[in-house]
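With the first letter of the sequence shown counted as 1, position 110 gets the number 257 in the working numbering; the numbers rise by one all the way through. Cβ atoms here follow ideal geometry from the backbone N, Cα and C, with glycine treated the same way. Note that the coordinates shown come from a computational prediction; the quantities given were computed from them, not determined experimentally.
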Amino acid sequence: MADQWKADSFMAVDAASSQTPPLQNLTLLFKAQHILRGLAVVFTAVSIALLVTNTQTVTVFTIELQAHFYYSSAFKFLVAADAIVCASSAATLIVVLRMMKRGAIPQRRHYCFLLFLHDTVMMLMMMGGCAAGTAIGYVAQYGESHMEWDPICDKVAKFCRINVVSLLLSFSAFFAYLGLTLLSPYNFLSSSPPHN
């Protein structure tokens with residue numbers, strides 16, 4: 148009798164745990180996504196502000212040289228990637244928050260797929276921008292002996308330091324979107340209709 152009661156209570160607990168409210172799981176999942184999207188907005192906005200306002204003028208052998216992001220196509224691409232990701236993240240965050248506020252937590256598969264697609268594209272855009280910025284930053288720091296390009300960071304150290312901080316923020320936004328991309332398949336599977 149006691150064994151039967153233990154078996155029944157175990158099956159009841161097992162059934163209850165297997166039926167964890169999907170709405171609660173989705174709510175937690177969307178909160179995590181909101182935090183990551185918000186972080187991506189902050190990281191990219193600060194990165195843009197640092198890159199655009201970063202300038203340094205130095206005099207080398209009576210020649211005045213100015214370092215600015217606009218003189219490098221790689222940094223221009225990084226600023227453009229940051230701007231697109233920032234605006235897109237903010238817009239997506241606003242739309243999803245409005246839907247949740249109305250109580251219409253999206254549980255449809257096509258919505259989750261569109262979010263996954265958006266997050267993947269934004270992650271790849273950040274990857275491209277970070278790669279471009281890192282490549283030109285490496286050349287600025289160490290030069291390129293095969294092309295006879297000299298390093299310039301010894302002459303414009305402040306400019307290079309601020310660019311490193313900006314790149315770290317852009318990489319942080321990339322990792323936020325990597326997290327979103329990893330969460331999206333779980334979101335997609337959670338929104339699937341249960342199999343009978």
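Continuous alpha helix (DSSP H) stretch holding residue i: start and end
i: residue 210; result: Run containing residue 210: none in the alpha helix (DSSP H); it sits in the beta strand (DSSP E), 210-215.
i: residue 226; result: 220-248
Residue i, enclosing beta strand (DSSP E) - first and last residue
i: residue 207; result: 202-207
Spatial neighbours of residue i in its chain, beta-carbon cut-off 8 Å, leaving aside the 5 residues before and after
i: residue 265; result: 235, 239
i: residue 221; result: 279, 280, 282, 283
i: residue 323; result: 183, 184, 186, 187, 190
i: residue 249; result: none
Opposing strand residues paired with residue i [DSSP bridges]
i: residue 291; result: 296
Cutoff 7 Å; reference residue i; Cβ partners in own chain excluding five residues on either side
i: residue 193; result: 316
i: residue 321; result: 270, 273, 274, 277
i: residue 287; result: 298, 299, 300, 307
i: residue 289; result: 298
i: residue 207; result: 302
i: residue 237; result: 188
i: residue 219; result: 283
Cβ neighbours of residue i in the same chain (closer than 6 Å, five flanking residues each side left out)
i: residue 233; result: 188, 191, 192
i: residue 267; result: 328
i: residue 202; result: 215
i: residue 326; result: 183
i: residue 304; result: none
i: residue 294; result: none
Quick one: any contact between the stretch 241-250 and the stretch 202-221, if contact means 3 or more CB pairs under 8 Å?
The stretch 202-221 and the stretch 241-250 do not touch, with fewer than three beta-carbon pairs separated by less than 8 Å.
Is the stretch 287-299 touching the stretch 177-193, taking contact as three or more C-beta pairs under 8 Å?
Taking one beta carbon from each stretch, the stretch 287-299 and the stretch 177-193 have fewer than 3 pairs nearer than 8 Å; the two do not touch.
Taking one C-beta from the stretch 217-232 and one from the stretch 257-274 each time, how about it: are there three or more such pairs within less than 8 Å?
Segments in contact, yes.
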